[in-house]
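A.B. asks: Submitted below is the structure of interest, expressed as structure tokens.
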Amino acid sequence: MAKKKVFVSFDYENDKHYKFLLEAWDANPEFDFYFSDLSSKEIQSWDIATIKRVLSAKINEATYTLVVVGKHANSYHKDWKEIGYKNWLNYEVAKSKEHKNRLVAVKIDREYESPDELKNSGTEWAMSFKRDAIIKALEAAAKK
6 MAKKKVFVSF DYENDKHYKF LLEAWDANPE FDFYFSDLSS KEIQSWDIAT IKRVLSAKIN
66 EATYTLVVVG KHANSYHKDW KEIGYKNWLN YEVAKSKEHK NRLVAVKIDR EYESPDELKN
126 SGTEWAMSFK RDAIIKALEA AAKK
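Per the working numbering: the sequence shown = residues 6 to 149.
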């Protein structure tokens, strides 16, 4: 099975362990879960323009954007005015839409508020962070 080129959008401060779990699933030959992770590694800069440039380049390499919707997915970032969006997740989703990436969102908890940029975007949803639900959403997005 060919690996999907996926950019994973997540709240680094609060939800990075979910990103690490996706990587572990991909690395485990016992799991039928494959993806080519095109997310940026930790960006060693506080400069907003540099961060935007790195994120945009990685998003443009991907054909899918998988958004991990955690508790703070739609909270304001302290630099939101400079970012141009509420937070980095909203920025990444907006750039993914511009690049026409297929969007998949995974809710850690059904009650968590989704990033504004996901609304009315044709996103495929996994309503829990379960491997089968995520695979199903990625497969549904592939058909769009």
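Backbone N, C-alpha and C fix where the C-beta goes; we use that ideal spot for every residue, glycine too.
Does chain B have any CB closer than 8 Å to the CB of A54?
C.D. replies: In the structure shown, chain B cannot be found, because there is only a single protein chain.
A.B. asks: What does the alpha-carbon distance come out to for the pair S80 and K141?
C.D. replies: Answer to the nearest angstrom: the Cα atoms are 28 Å apart.
A.B. asks: Check whether the Cβ atoms of I53 and D16 lie closer than 8 Å to each other.
C.D. replies: Not a contact, by the Cβ cut-off of 8 Å.
A.B. asks: Give the straight-line distance between the Cα atoms of K102 and F12, rounded to the nearest whole angstrom.
C.D. replies: When rounded, the distance between both Cα atoms is 12 Å.
A.B. asks: Does the separation of the CB atoms of V98 and V74 fall below 8 Å?
C.D. replies: Taking 8 Å as the Cβ cut-off, V98 and V74 do not qualify as a contacting pair.
A.B. asks: Alpha carbon to alpha carbon, how far is T68 from K105? Give it in angstroms, no decimals.
C.D. replies: Spanning the two alpha carbons is a distance of roughly 8 Å.
A.B. asks: Less than 8 Å between the C-beta atoms of L108 and S119, yes or no?
C.D. replies: Result no, Cβ atoms of L108 and S119 do not sit closer than 8 Å.
A.B. asks: With DSSP as the reference, label K9 as helix, strand or coil.
C.D. replies: Note: K9 maps to strand in three-state DSSP.
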